[in-house]
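Residue numbering for the sequence shown follows my numbering, beginning at 146 and increasing consecutively.
The structure under discussion appears below in the form of structure tokens.
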Amino acid sequence: MDIRTKAVHTGVYKDKSYNSVTTPIYPSSTFYFDALGKNKGYDYTRSGNPTRTALEENLADLEGGVGASATCTGMAAVTAVLFFLKNGDHLIAGDDIYGGTYRLFSQVLPNMGVEVSFINMRDLEAVKSAVNERTRMIWIETPSNPLLNIVDLKSVIEIAKDNKCLSVVDNTFLSPYFQRPFEFGADMIIHSTTKYLNGHSDVVGGAVMYANKEVEERGRFLVNALGISEAPFDAWLVLRGVKTLGPRMEAHQQNALAVAEFLEKHPNVKRVYYPGLASHPQQDLIKQQMRGFGGMLSFELDTAQVSPDQLFQKLKYFCLAESLGGVESLIEHPWLMSHSSMGPEGLKKSGITEETIRVSLGIEGTQDLIDDLDQALKS
146 MDIRTKAVHT GVYKDKSYNS VTTPIYPSST FYFDALGKNK GYDYTRSGNP TRTALEENLA
206 DLEGGVGASA TCTGMAAVTA VLFFLKNGDH LIAGDDIYGG TYRLFSQVLP NMGVEVSFIN
266 MRDLEAVKSA VNERTRMIWI ETPSNPLLNI VDLKSVIEIA KDNKCLSVVD NTFLSPYFQR
326 PFEFGADMII HSTTKYLNGH SDVVGGAVMY ANKEVEERGR FLVNALGISE APFDAWLVLR
386 GVKTLGPRME AHQQNALAVA EFLEKHPNVK RVYYPGLASH PQQDLIKQQM RGFGGMLSFE
446 LDTAQVSPDQ LFQKLKYFCL AESLGGVESL IEHPWLMSHS SMGPEGLKKS GITEETIRVS
506 LGIEGTQDLI DDLDQALKS
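Listed below in structure tokens is the structure:
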């Protein structure tokens with residue numbers, strides 16, 4: 146079945162009383178029992194809710210997993226996965242990942258006795274060298290946030306399997322519409338559903354998708370035990386938003402490619418990071434594991450000509466805001482905003498500079514966005 150069809154129809158037809166074509170919202174915090182030990186499959190909404198179940202069915206189907214857990218935020222999904230680890234374990238992650246994930250890995254996990262190695266995950270020899278007898282998980286983010294570096298999914302996941310490690314892929318940037326990590330053997334996939342899956346900047350949420358029943362059983366236990374499952378109304382919003390995933394991703398990508406090509410030729414831009422450009426150095430890998438390029442790009446601003454703040458103040462159609470994946474275009478400064486928690490040393494190691502600008506292209510008219518950037522860059 147086409148992924149666009151799955152997005153519209155999976156987890157929807159739950160109303161047997163009135164045949165609603167949208168999934169009902171069940172806001173109840175608790176569900177009564179018919180008798181001791183006998184209910185309709187639900188007892189307490191933290192542990193399970195029909196609306197959330199519908200969303201989980203949809204998301205698992207989109208990624209090709211056996212199941213999913215919908216969480217209250219994207220970072221809650223990350224947190225749930227990390228509880229697969231225990232004191233003394235070792236985690237390998239890229240050195241250019243999302244700032245919130247980096248902060249959790251660098252400032253929280255070590256206090257729980259988990260060692261973390263941040264490496265250049267494009268270097269397969271570096272990945273192999275980082276593995277030791279305590280390594281239990283390899284965390285993959287591709288394309289990376291915000292420099293759009295591509296990690297070789299097949300090869301890194303094979304390294305994880307060879308060393309009996311769990312492989313986890315953050316697929317937020319591309320969504321299952323453009324990339325499906327389970328096809329390369331990943332054990333779990335995480336999403337901030339706040340972003341492209343919901344797509345309307347009106348809810349925060351996350352999800353963990355599972356490749357097999359053993360991992361799913363443990364993951365569901367952890368989400369319930371930690372109390373981080375998604376609320377019914379929020380789950381309904383994500384399920385509503387995901388229906389238009391396909392056409393939205395096509396529109397995001399169309400705008401991103403056009404804007405990237407425009408910026409690459411602009412005299413006040415030093416460099417553009419976007420997988421759809423021929424100048425991206427990993428074209429062979431992009432063709433092997435991605436069905437599209439997504440709606441995210443970054444660029445290096447020539448601050449001798451225009452400062453970031455001058456650029457931001459002049460823009461009309463780009464909101465200066467964190468987050469991404471909504472129908473409106475957003476722009477931000479990773480050094481001071483989304484990735485500031487990495488600190489100057491971590492930022493420099495990852496390749497992020499004070500001139501790096503990250504852009505989430507919305508679905509507005511392409512020429513309007515280009516004209517807006519052009520006038521702001523000339524300021």
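We treat Cβ as the ideally placed atom computed from N, Cα and C, and that holds for glycine.
Here T150 is exposed, its C-beta having fewer than 16 other C-beta atoms within 10 Å.
One thing to note: N294 has its Cβ within 8 Å of the Cβ of R267. When C-alpha distances from M146 are compared across S162, G209, Y158, T190, the shortest belongs to G209.
Taking 8 Å as the cut-off, the beta carbon of I242 is found no closer than this to the beta carbon of A275.
Contact between the segment 374 to 383 and the segment 495 to 507 is not established, with fewer than three Cβ pairs separated by less than 8 Å. The beta carbon of E467 sits closer than 7 Å to the beta carbons of E477, M482, S483 from its chain, once the five residues preceding and following it are set aside; these are given in chain order.
With fewer than 16 other beta carbons inside 10 angstroms of its own, R279 counts as exposed. Taking C-beta atoms as the reference points, G344 and T218 fail to come closer than 8 Å. V253 counts as exposed, since fewer than 16 other C-beta atoms from the protein chains shown sit within 10 angstroms of its C-beta. Take P169, set aside five residues on each side of it, and the residues of its chain with a beta-carbon closer than 8 Å to its own are K159, D160, P195, T196, in chain order. Bridge pairing for V313: W284, M333 [DSSP].
Closest by C-alpha distance to A225, out of E473, G372, K306, G245, is G372. Leaving aside the five residues that flank V404 on each side, the residues in its chain whose CB is nearer than 8 Å to its CB run, in chain order, L442, V504, L506, T511, L514, I515, L518.
In the three-state DSSP reduction, L204 falls in the helix class (H, G or I).
Secondary structure of R248 (DSSP, three-state): helix. Secondary-structure assignment with DSSP links I237 through a beta bridge to S262, I283. F366 carries a helical assignment under DSSP once its states are collapsed to helix, strand and coil.
Inclusion of G440 and H411 in the CB contact set at 8 Å is not warranted, their separation being larger than that value. Inter-residue distance for F327 and S214 is about 16 Å (C-alpha atoms, whole angstroms).
By the neighbour-count definition (other C-beta atoms within 10 Å, threshold 16), E286 is a buried residue.
Distances from the CA of T167 to each of L408, L384, L227 were compared; the closest alpha carbon is that of L384. Cβ-Cβ distances below 7 Å link K358 to V211 in the same chain, with the five nearest sequence neighbours on each side left out; the list follows chain order. Taking the Cα positions, K493 is about 38 Å away from E201. Under a 10 Å Cβ-count criterion, T175 is classified as exposed, with fewer than 16 other Cβ atoms of the shown protein chains found around its own Cβ. In this structure, DSSP gives A213 an extended state, which the three-state scheme calls strand. Pairing Q434 with L298 gives a Cβ-Cβ distance under 8 Å. Residue environment for K340: buried (at least 16 other C-beta atoms within 10 angstroms of its C-beta).
Annotation: the continuous alpha helix (DSSP H) that includes V226 extends over 219 to 227.
Burial is judged here by how many other beta carbons sit within 10 angstroms of a residue's own beta carbon; E490 has fewer than 16 and is exposed. H235 and M333 have their C-alpha atoms some 17 Å from each other. At a Cβ-Cβ threshold of 8 Å, D447 and V417 do not count as neighbours. For G488, the enclosing alpha helix (DSSP H) covers residues 488 to 495.
Judged by DSSP in its simplified three-state form, E445 adopts strand. Proximity to L422 across K432, E406, L460, R436 peaks at E406, based on C-alpha coordinates. Counting C-beta atoms within 10 angstroms of its own C-beta, M257 has fewer than 16 neighbours from the protein chains shown and is therefore classed as exposed.
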